[in-house]
Every structure is written in structure tokens, then in C-alpha cells.
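With the numbering used here applied, the sequence shown covers 14 to 353.
From the three backbone atoms N, C-alpha and C, an ideal C-beta is built for every residue, glycine too.
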Amino acid sequence: MHPEIAELMSTQRGLVLRRQVLKAGVTQECIGRLVRMGEWVVVRRGVYTTSPRWSSLDEHRGQPLLRAWAASLNMSQSHVLSHESAALAHGMQIVHPRPMLVHVTRFGVRGCRTRHGVCHHLAPFESEQIEFIEGVATFDKARTAVDIARSHGQKGLRYGLVACDSAMRAGVTREVLEQTVLPMRNWPNVKVARESVALADPGSEGAGESLTRMLVLQLGMGEVETQFGIRDGTREAWCDLRVGRHLIEFDGRIKYQRQGEGGVARGDAAEVLWKEKQRQDWLCGFGLGMSRVTWDELMPSRWKLTQARVAREMTASQRRYGADIGDLEAYVIRDPRLRR
Numbered sequence: 014m015h016p017e018i019a020e021l022m023s024t025q026r027g028l029v030l031r032r033q034v035l036k037a038g039v040t041q042e043c044i045g046r047l048v049r050m051g052e053w054v055v056v057r058r059g060v061y062t063t064s065p066r067w068s069s070l071d072e073h074r075g076q077p078l079l080r081a082w083a084a085s086l087n088m089s090q091s092h093v094l095s096h097e098s099a100a101l102a103h104g105m106q107i108v109h110p111r112p113m114l115v116h117v118t119r120f121g122v123r124g125c126r127t128r129h130g131v132c133h134h135l136a137p138f139e140s141e142q143i144e145f146i147e148g149v150a151t152f153d154k155a156r157t158a159v160d161i162a163r164s165h166g167q168k169g170l171r172y173g174l175v176a177c178d179s180a181m182r183a184g185v186t187r188e189v190l191e192q193t194v195l196p197m198r199n200w201p202n203v204k205v206a207r208e209s210v211a212l213a214d215p216g217s218e219g220a221g222e223s224l225t226r227m228l229v230l231q232l233g234m235g236e237v238e239t240q241f242g243i244r245d246g247t248r249e250a251w252c253d254l255r256v257g258r259h260l261i262e263f264d265g266r267i268k269y270q271r272q273g274e275g276g277v278a279r280g281d282a283a284e285v286l287w288k289e290k291q292r293q294d295w296l297c298g299f300g301l302g303m304s305r306v307t308w309d310e311l312m313p314s315r316w317k318l319t320q321a322r323v324a325r326e327m328t329a330s331q332r333r334y335g336a337d338i339g340d341l342e343a344y345v346i347r348d349p350r351l352r353r
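Set out below in C-alpha cells:
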């Protein structure tokens, strides 16, 4: 590789612009040949990276983030990376919309418009809300979370709650989130942002758990507790959610996939399933019911059906065991759970 181009890529997050390549003396024909031979990848029009760099990135987070950085690198106007693009830069958990656009907030732009896969926003902000990640101006986690909540209309709670939960897990306080929403009094969909902040809970450890909690909250069948733990001297278990004497668990696929395959399992799927059955049997032995929810069941097309099933199971537990857990006081863990 041309030394000047290699130097540029090393300082630009693995990216290089067409105009930079041409300036270094590489012809357009050579660029085309590098792309055809698979040595370079077109991240977006006029921006390239190497194939090893691109293939090393996760398609759900790493590659969309590199596209956002490529758009930022190619922009001549002053801007700040925002919304889902900023969330990816921060490593926040989010619900990925379709299509996954690049989002920037620009100075002097009127309204919101989308061109070539980039959504340009105009909104006031404070300089204190800007952080630099990999040298790119990016909104902080609090501003990012509430912007995501506002940007999806009246159905934005699905996106906003996940983002606000993620921000709180990363150390953002509810007070900071509230202060971030405060100046947005007359902004579009600010009510969704306020609701997302009010319902946020750092106890949900991922997007699936956040959406499961949202599903249960909408049922209005009792107070929802996150990270409910029990121990009896022989073993200890933590559950995602508890309402009365009913437990609700989010089952993600990564729980059953080996670590080398992108999951967290330390054994094969059969062994993990057997241990999970033993765990559930032990928990239910305390007179507790349980519901399990998968990612597919949290999709909008199945949301109501899943709610109906969980409501039936919660009602059955209440009829059988009641709602009070006073008899479990000696077993309930009151200390906060240490983060995984």
C-alpha cells in the first residue's frame, strides 16, 4: 500500500477518501482495480477501507459505525454525530431501526432531511453535550438517548427506553437525563422522551430485557422489579424481572451459543439447556411462577400475542401463590447485583 495512504488510514479509523487517494498519486483506474480485486471495500461513495478491516467488524454494530464515521469524514460542513450513530460510537445498546441511517446534527440546517443515507438534523445543543470519540464530535450518552426517543414518533418508547436504560447502565443518572429533556419543552415527540426517562432502569442488562420490561409494564399488573435474586446456602440465582410471585426471563440466543461463536455459553447447547432447567426448577420450588420471552416474541408483529400469554401466566401464578413474597425474606438477596 502507498505509504501516504497507509498513514491516512491509520489516523482516520481505517478510512481514506477518494480525493486523498488521488492526491497521493493513485489513479482512478487503480482504485477501481483494488475494489474489484476485493482488497478495498467501498464503505460509502468516495470512502474506502481495507477488506480485512471491514470483515473484522460486526455487521450489526461495527460496520454501521464505520459507515457513520465515513459519512462524517466526507462531510465539509460542521456537524456532530447524533442519534443511533452516536449510540454506536458510545457502545450503547439500541433497537436498530430499518433502514439504519447515519445521523448528524448540523449547524444552520433547517428542519430534518435525508440524503444519500444520511439524516441531517437541526436542533439546539450545548457545547458540554459534545464528546470526541476517535476524534469525531459526538453527542454524549444522555443527549443521544433522548434524541433517539424523540426521533421515532409516537412509537418511539420502544427505541427510547432501550437507549435510556443503556445510558443509565453506563453511569448517566436519571437527573442528567431529565435535565437533558428539560429544554425540549415544545420539541416534536418530547412526551415520548419524558416517558422513556421516567421508566428507565439500569437493572435491565440489555435491549431484550428492556423491551421485556416494557411489555410487562404495559400490562399494569403490579410493580416490576429488575434483577431479583434468591439464595438458599446451596445456590444463588438472579432473574430479569419479578412481579409479585411471578418471574419473567428474557431468553437471548447468545445464552445458548458458545463463546467462540458469538455467545456466552461455556458448554454445548444441551448442557446449557439442562442447567437452565435445573435453575428454573429450583426457582419455582420457592412457590414462584415463571414466563420466558424470546427476541422474536418482542417484535411488533407478535407483541400483543406475547403480552396476552405473559398475562395469562402471571394471573395463574397469582391465583396459585398469591402476590406477597414475605415468606421468602430469608432467601431474597438485598445487595445489588454485581454487573456481568
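Give the secondary structure of residue i by DSSP, where H, G and I count as helix, E and B as strand, and everything else as coil.
i	result
Asp-253	strand
Met-303	strand
Cys-125	coil
Gln-240	strand
Trp-53	strand
Thr-40	coil
Glu-139	coil
Ala-150	strand
Arg-119	strand
Tyr-344	coil
Report the option in the options whose CA atom is closest to the CA atom of residue i.
i	options	result
Tyr-172	Leu-311, Met-14, Asp-337, Pro-16	Leu-311
Ala-149	Gly-130, Ser-164, His-92	The amino acid at residue 149 is misidentified as Ala; the sequence shows Val. Closest by alpha carbon: His-92.
Arg-111	Ser-69, Gly-51, Gly-130	Gly-130
Asp-340	Leu-301, Trp-316, Arg-49	Leu-301
Ala-336	Arg-255, Arg-163, Val-56, Gly-45	Arg-255
Met-197	Arg-182, Asp-309, Val-159	Val-159
Thr-24	Ser-314, Gln-320, Ala-83, Arg-226	Ala-83
Asn-202	Ile-161, Gly-184, Ala-213, Gly-45	Ile-161
Thr-186	Ser-140, Ala-136, Pro-215	Pro-215
His-96	Lys-154, Arg-32, Gly-184, Gln-291	Lys-154
Pro-313	Val-34, Lys-168, Ala-283, Ser-89	Lys-168
Gln-90	Met-50, Gln-192, Phe-120, Gly-265	Phe-120
Distance, Cα to Cα, residue i vs residue j?
i	j	result
Val-189	Gly-233	27 Å
Val-323	Thr-307	12 Å
Lys-204	His-165	12 Å
Ser-217	His-73	21 Å
Gly-247	Asp-294	Sequence check: residue 247 is Thr here, not Gly. Their backbone Cα atoms lie some 14 Å apart in a straight line.
Arg-325	Ile-338	20 Å
Val-194	Phe-263	30 Å
Gln-231	Gln-41	57 Å
Leu-47	Lys-36	17 Å
Tyr-334	Leu-286	26 Å
Gly-257	Gly-235	7 Å
Gly-242	His-259	13 Å
Gln-240	Leu-228	16 Å
His-103	Arg-332	45 Å
Arg-207	Ile-146	27 Å
Arg-244	Met-14	59 Å
Cys-177	Trp-53	37 Å
Ser-223	Arg-156	19 Å
Met-181	Ala-211	12 Å
Thr-328	Met-113	39 Å
On the premise that residue j lies in contact with residue i, defined as a C-beta separation below 8 Å, what is that separation, rounded to the nearest angstrom?
i	j	result
Leu-86	Leu-28	6 Å
Val-115	Arg-80	6 Å
Phe-152	Leu-94	7 Å
Trp-251	Arg-128	That pair is no contact at about 47 Å.
Val-56	Thr-62	5 Å
Ala-366	Thr-118	There is no way to answer for residue 366, as the model of the chain reaches only from 14 to 353.
Leaving out five residues before and five after residue i in sequence, what residues of the same chain have Cβ atoms less than 7 Å from its Cβ?
i	result
Leu-30	Gly-59, Val-60, Leu-86, Asn-87
Gln-106	Val-175, Ser-179, Gly-219, Ala-220
Pro-16	none
Under 8 Å Cβ to Cβ from residue i, same chain only, skipping five residues before and after it: list those, please.
i	result
Arg-126	Cys-132, His-133
Leu-296	Ile-243, Ala-250, Cys-252, Leu-260, Met-303
Tyr-344	Ile-243, Arg-244, Asp-245, Phe-299
Thr-319	Leu-228, Val-306, Glu-310, Leu-311
Within the same chain, show all residues whose beta-carbon is closer than 6 Å to that of residue i, passing over the 5 residues directly before and after it, in chain order.
i	result
Ser-304	Ile-261, Val-323, Glu-326
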